[in-house]
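Undergrad: One structure follows; several queries about it will come next.
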Amino acid sequence: MTAMTSSAATPRDYSLIGRDAQRAVENGLAAAEWYHTDIPRKQMKELMQRSDQPAIRDTIIWLAAFAVSAAGGIWFWGSWWCVPFFFAYGTLYGSSTDSRWHECGHGTAFRTQWMNDAVYQLACFMIMRNPVTWRWSHTRHHTDTVIVGRDPEIAVMRPPDLLRVVLNFFGVLDAWHAMVDMVRNAAGVIGAAEKTFIPEQEQPKAIRVARIWLAIYLTTIALALYMHSWLPLMLIGLPRLYGAWHHVLTGLLQHGGLADNVTDHRLNSRTVLMNPVSRFIYWNMNYHVEHHMFPMVPYHALPKLHELIKHDLPAPTPSILAGYREMIPAFLRQLRNEDYFLKRALPPTARPYRDDLHGDTPMAAAAE
Amino acid sequence: MSDWVEACAADDIDEEDVMRFDHAGRTFAIYRSPDDEYFATDGLCTHEKVHLADGLVMDDIIECPKHNGRFNYKTGAARGAPVCVNLKTYPVKVDAGKVLIQIG
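Rendered as structure tokens:
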């Protein structure tokens, strides 16, 4: 790992309709050609193959865990015994849905498309991401990963807003913004930034979903008032707050502290080895370089893909803890110098980073 | 008058697979379906100009490798987000073990 600074002279403008959005287009960073490790077609085909079986198995376990934890929380409601059940329920609701939304949005979890769609809609509701808006924003994220002014899903911008990061471990700001967006969309308004990535013909769908969701939340609140109890909200809505911690814990590692404005996922994404429970919750998105390089490979094939191409990738970060040990100091450095980032070292077997592709980006700058 | 152009040998493509064919500055995708029929479309996804030949063929669907946009490669019909614009298709025939496409 090498510490680097970029040559950017002015603060970054993350607006999708701002100065850096225009600059990214002018510099050829928008919808650019990205680096890929060479994989023979036969092997790639095998890796891309879809199967319902792994996701059906995982989804049965997932839904059963929801049912058991919700039942325990309801049964023990009013005593401290409900806490571990709601902890599990909240983590499923506010964290595991992040990966289910993501994988089913790619259409890779199941071979059968309606199954992808069903889990996608359910997970989107729980994670509070409009299924139309976020399908398109994530498309842009894959086209222009961590390109300033183009990528709408940059979790930690520079300089980092660490208060925002901490609050999001409890879902506070994300849920607030999601609610504001939902009410705005339900009122029939699509924002200017949203219009940059949602095609016009898709925008009415985003409005329709927002109206349905708003009705569900209003019904839940009415039920809570009628019952004089927080319980309905503990089951719908609030778990997005008290259960968000795991998806933020893992999600920050995806790109945090790494390069921006480059066209090589080895530079701006991080693969982290994780425990089996986190991998179940996260559906193997810890193999994040691999996922970005080959987004059509299903989650259950990512470990195999990792083995196949690891000779060409930076060594994986060995644990969540190790990831935070490198990322937090990088965030702190970026408070003083937003151009600072971590450059991941490649093994001798890898094809080197192409400085010619990153000529006016951080890659061309001198090490700090 | 449209010409028939030899794209590849029929055996060059596995069943339920696709291969790229470039001709006269244009790029095409040639498909072999699970029931051993051949089809051809424009080679680039209508969403963001990615080569479909790097994607996955499942039954009568080609899935783009970049954003998983799907098309019916027999008709060119876009099958959901993020693709909204249909693919152009081309007539195909197999003659003496060669796959020929009619480029308009």
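Quick note, the sequences are listed as chains L and P, same order. Under our numbering, the very last position in the first sequence is 471; numbers go up by exactly one each time. Under our numbering, the very last position in the second sequence is 128; numbers go up by exactly one each time. Every residue, glycine too, gets a C-beta built ideally from N, C-alpha and C. The structure presented is a predicted model; accordingly, all values stated were derived computationally and were not measured.
(1) Examine chain P for any beta-carbon lying closer than 8 Å to the beta-carbon of G210 (chain L), and answer yes or no.
(2) Could you tell me which chain L residues have their CB closer than 8 Å to the CB of N92 (chain P), listed as they occur along the chain?
(3) Do A170 (chain L) and W204 (chain L) have their beta-carbon atoms positioned less than 8 Å apart in this structure?
(4) Contact between the region 234-243 of chain L and the region 96-115 of chain P is defined here as three or more beta-carbon pairs at a separation below 8 Å; is this criterion met?
(5) When the Cα atoms are used, what is the spatial distance from M466 (chain L) to T248 (chain L)?
(6) Under 8 Å by Cβ, that's how I've got E441 (chain L) and R261 (chain L) pegged, so tell me the actual separation to the nearest angstrom.
(7) Going by beta carbon distance, what residues of the same chain come within less than 6 Å of Y56 (chain L), once the five residues before and after it are set aside?
(8) Reducing DSSP to helix, strand and coil, say where W204 (chain L) ends up.
(9) Exposed or buried, M151 (chain L), counting other C-beta atoms within 10 Å across all chains shown (16 or more means buried)?
(10) Put Y55 (chain P) into one of helix, strand or coil per three-state DSSP.
(11) Compare the C-beta of G79 (chain P) against all C-beta atoms of chain L and say whether one is closer than 8 Å.
(12) Measuring alpha carbon to alpha carbon, tell me which residue in L:M377, L:A127, L:R311 is nearest A425 (chain L).
(13) Could you tell me which of L:A173, L:W386, L:W178, L:Y320 sits nearest to A191 (chain L), measuring between CA atoms?
(14) According to DSSP, is N288 (chain L) part of a helix, a strand, or is it coil?
(15) Assuming I127 (chain P) is part of the beta strand (DSSP E), what are its boundary residues?
(16) Nearest to K98 (chain P) by alpha carbon, out of P:P58, P:K73, P:D36, P:G121?
(17) Based on DSSP bridge pairs, tell me the residues matched to W28 (chain P).
(18) Report the option in L:T452, L:R232, L:A124, L:W217 whose CA atom is closest to the CA atom of A296 (chain L).
(19) For P302 (chain L), which residues in chain P fall below 7 Å Cβ to Cβ?
(20) Kindly indicate which three-state DSSP category I164 (chain L) falls into: helix, strand or coil?
(21) Determine, using beta carbons only, whether A105 (chain P) comes closer than 8 Å to chain L.
(22) So is E39 (chain P) in contact with chain L if we call contact Cβ pairs under 8 Å?
(23) Please tell me whether P58 (chain P) has its Cβ less than 8 Å away from any Cβ of chain L.
(24) Taking D66 (chain P) and L111 (chain P) to be in contact with their CB atoms under 8 Å, please state how far apart those CB atoms are, rounded to whole angstroms.
(25) Which residues in chain P sit within 7 Å of A134 (chain L), going by Cβ to Cβ distance?
(26) With respect to the beta strand (DSSP E) encompassing F45 (chain P), which residues constitute its N-terminal and C-terminal limits?
(27) Please classify N130 (chain L): does DSSP put it in a helix, a strand, or coil?
(28) Looking only at its chain, what residues have a beta carbon closer than 8 Å to the beta carbon of G121 (chain P), apart from the 5 residues adjacent to it on each side?
(29) Whole-angstrom Cβ separation of P421 (chain L) and R369 (chain L), contact assumed at under 8 Å?
(30) Straight-line CA distance for D78 (chain P) to R238 (chain L)?
(31) Contact defined as beta carbons within less than 8 Å: I believe Y390 (chain L) pairs with T211 (chain L). What is the distance between those atoms, to the nearest angstrom?
(32) I want to see whether chain P comes within less than 8 Å of M151 (chain L), judged by CB atoms only; does it?
(33) When the cut-off is 8 Å and only beta carbons count, does K148 (chain L) lie next to chain P?
(34) CA-CA distance, T464 (chain L) and P157 (chain L)?
(35) Measuring alpha carbon to alpha carbon, tell me which residue in L:M396, L:L408, L:R153 is nearest H91 (chain P).
(36) If you count every other CB in all the chains shown that lies within 10 Å of the CB of V186 (chain L), and 16 or more means buried, which is it?
TA: According to the structure shown:
(1) yes
(2) H209, G210, T211, P398, M399
(3) no
(4) yes
(5) Because M466 (chain L) sits at a pLDDT of 44, beneath the cut-off of 50, its placement in the model cannot be relied upon, and the following sentence gives the value as read from the coordinates. Rounded to whole angstroms, M466 (chain L) to T248 (chain L) spans 16 Å at the Cα level.
(6) 4 Å
(7) Nothing about residue 56 (chain L) can be read from this structure; chain L reaches only from 104 to 471.
(8) helix
(9) buried
(10) strand
(11) yes
(12) L:M377
(13) L:A173
(14) helix
(15) 122-127
(16) P:P58
(17) P:Q126
(18) L:A124
(19) C108
(20) helix
(21) yes
(22) no
(23) no
(24) 5 Å
(25) E72
(26) 41-47
(27) coil
(28) A33, A34, D35
(29) Contact doesn't hold; Cβ gap of about 17 Å is too wide.
(30) 22 Å
(31) About 13 Å; that fails the 8 Å criterion.
(32) yes
(33) yes
(34) Because T464 (chain L) sits at a pLDDT of 46, beneath the cut-off of 50, its placement in the model cannot be relied upon, and the point is left open.
(35) L:M396
(36) exposed
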